[in-house]
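Data first, discussion second: the structure below is written as structure tokens.
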Amino acid sequence: MSDSLYTIKEAYARYSLTDEAYEKIRECLPEEKTTGRPGMDVCLFLDALIFVVREGCSWRSIPATYGKWNSIYRKFRLWESQNIFQRIYLCLMGLCAPDADGLVLIEQIYYAISIDSTSNKVHQHAAGARKDAPEAEVKQHIGISRGDPNTKVHALVNDELEMVAFEITGGQVHDSKMAISLLEAANIAFVYFNADMAYGTKNIREYIQSLDADIACPNKSNAKIIYKFDKGQYKGRNVVERYFQKLKCYRRIATRYDKLACVYRAFIYIASILIKIGNKARENTLKRMCCVNIQMST
0 MSDSLYTIKE AYARYSLTDE AYEKIRECLP EEKTTGRPGM DVCLFLDALI
50 FVVREGCSWR SIPATYGKWN SIYRKFRLWE SQNIFQRIYL CLMGLCAPDA
100 DGLVLIEQIY YAISIDSTSN KVHQHAAGAR KDAPEAEVKQ HIGISRGDPN
150 TKVHALVNDE LEMVAFEITG GQVHDSKMAI SLLEAANIAF VYFNADMAYG
200 TKNIREYIQS LDADIACPNK SNAKIIYKFD KGQYKGRNVV ERYFQKLKCY
250 RRIATRYDKL ACVYRAFIYI ASILIKIGNK ARENTLKRMC CVNIQMST
């Protein structure tokens, strides 16, 4: 092997799935066609997506080492339209399982669930989505908050620092507006619900009470009714802040470059999958790149 080729493989090592990480998600991946034209190597395709989500680069900036950028993009959009990234993450979390007829939802029970949101800046390249595109009625969840366009990520995180569910909205949407809908969609049970005072509305408190759970949420300064809460339990809410910190290590998440909300949502799932499986790429995982013909002079 030439020194130049070795340098290229070494440079992209941190963007590759380890064999152990791939085994964790292999059963969740769609079956590849056995007829017709051979498709793109799945491992190399996933490595390309890791490169994009980590570096925050445009599709056209994907190194040729991974293949043609347009082929990678079209396969990504196909998987996104089939909710494959969501399915992989839910299977990893044990919230669903593959079945002959599709997926079977599984209710999980957690000790504590924490909720919060984070606002991510929207790049100018994210503007200009087609008016007939999906979610155009909500302007692709791009809103104006504090003078700048941004997208807000609302998330539920359990006490083991794992994201259970999330949704995106425009930055102007108040945190409390998404709490109940997130909990209804999550299909989970819990003992404690940790939230900051933005979620201390009457509707949310009554909904948590209907689930036979306790809410650890401080009172607003102008609250007419003062509710008691477990301050020790409330300290556990930091897990959601810590999860956002992990999520924003991926540049494609920290700044939104995508015109379509569904694409940005898919990238959040990809980043969450990488956080969940704890992927730490090693140099020897790039052996599959040998299938790509790279000829460089030494």
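The opening position of the sequence shown corresponds to residue 0 in numbering that gives the first Met the number 0, with each subsequent residue numbered one higher. Positions of the beta carbon are idealized from the N, C-alpha and C atoms, including for glycine. In this text the structure is predicted, and so the values were computed from the model without any measurement.
Does residue i pass the burial test, meaning 16 or more other C-beta atoms within 10 Å, or should it be called exposed?
i: His-153; result: buried
i: Trp-58; result: exposed
i: Asn-221; result: exposed
i: Gln-81; result: exposed
i: Arg-129; result: exposed
i: Ser-140; result: Before going on, a small fix: residue 140 reads as His here, not Ser. Burial call: buried.
i: Glu-22; result: exposed
i: Ile-187; result: buried
i: Ile-252; result: buried
i: Asn-119; result: buried
i: Lys-151; result: buried
i: Cys-248; result: exposed
i: Arg-264; result: buried
i: Ser-296; result: Note that Ser-296 scores 39 on pLDDT, short of 50, meaning its location in the model is unreliable; the coordinates nonetheless yield the value given after this. Under this definition Ser-296 is an exposed residue.
i: Val-103; result: exposed
Does DSSP put residue i in a helix, in a strand, or in coil?
i: Pro-148; result: strand
i: Thr-64; result: helix
i: Gln-107; result: strand
i: Ser-116; result: strand
i: Arg-255; result: strand
i: Leu-48; result: helix
i: Asn-248; result: The sequence given here places Cys at residue 248; Asn does not occur at that position. Correct three-state label for Cys-248: coil.
i: Ile-143; result: strand
i: Leu-28; result: coil
i: Leu-273; result: helix
i: Ala-96; result: strand
i: Leu-16; result: coil
Of the residues the options, which one's Cα is nearest the Cα of residue i?
i: Asn-149; options: Asp-115, Lys-245, Val-156 and Val-172; result: Val-172
i: Ser-299; options: Asn-221, Tyr-242, Val-262 and Cys-261; result: Absent from the model: residue 299. The displayed extent of the chain is 0 to 297, so no value can be given.
i: Val-52; options: Asn-218, Tyr-72 and Arg-129; result: Tyr-72
i: Ala-184; options: Ser-70, Glu-106 and Ser-15; result: Glu-106
i: Leu-94; options: Arg-13, Cys-27, Glu-31 and Lys-151; result: Cys-27
i: Leu-259; options: Ile-269, His-122 and Pro-133; result: Pro-133
i: Asp-257; options: Arg-145, Cys-216, Ser-175 and Lys-138; result: Lys-138
i: Asn-157; options: Val-190, Ser-60, Glu-31 and Tyr-226; result: Val-190
i: Lys-74; options: Leu-91, Cys-42 and Glu-205; result: Cys-42
i: Phe-266; options: Glu-161, Arg-204, Cys-216 and Glu-54; result: Glu-54
Cβ of residue i less than 8 Å from any chain D Cβ?
i: Tyr-88; result: Here chain D cannot be found, since the structure has a single protein chain.
Does the contact criterion of 3 or more C-beta pairs under 8 Å hold for the region 198-207 versus the region 160-171?
no
Alpha helix (DSSP H) runs contained entirely in the region 205-243, provided each spans 4 or more residues:
230-233
If you scan the region 145-203 from start to end, which runs of the alpha helix (DSSP H) of 4 or more residues do you find wholly inside it?
175-185
Taking 8 Å as the cut-off, does the region 109-122 touch the region 235-250 (at least 3 CB pairs, one atom from each stretch)?
yes
Within the chosen definition, does the region 80-87 reach the region 199-219 through at least 3 CB pairs nearer than 8 Å?
no
Cβ contact check for the region 226-233 and the region 45-57: 3 or more pairs under 8 Å:
no
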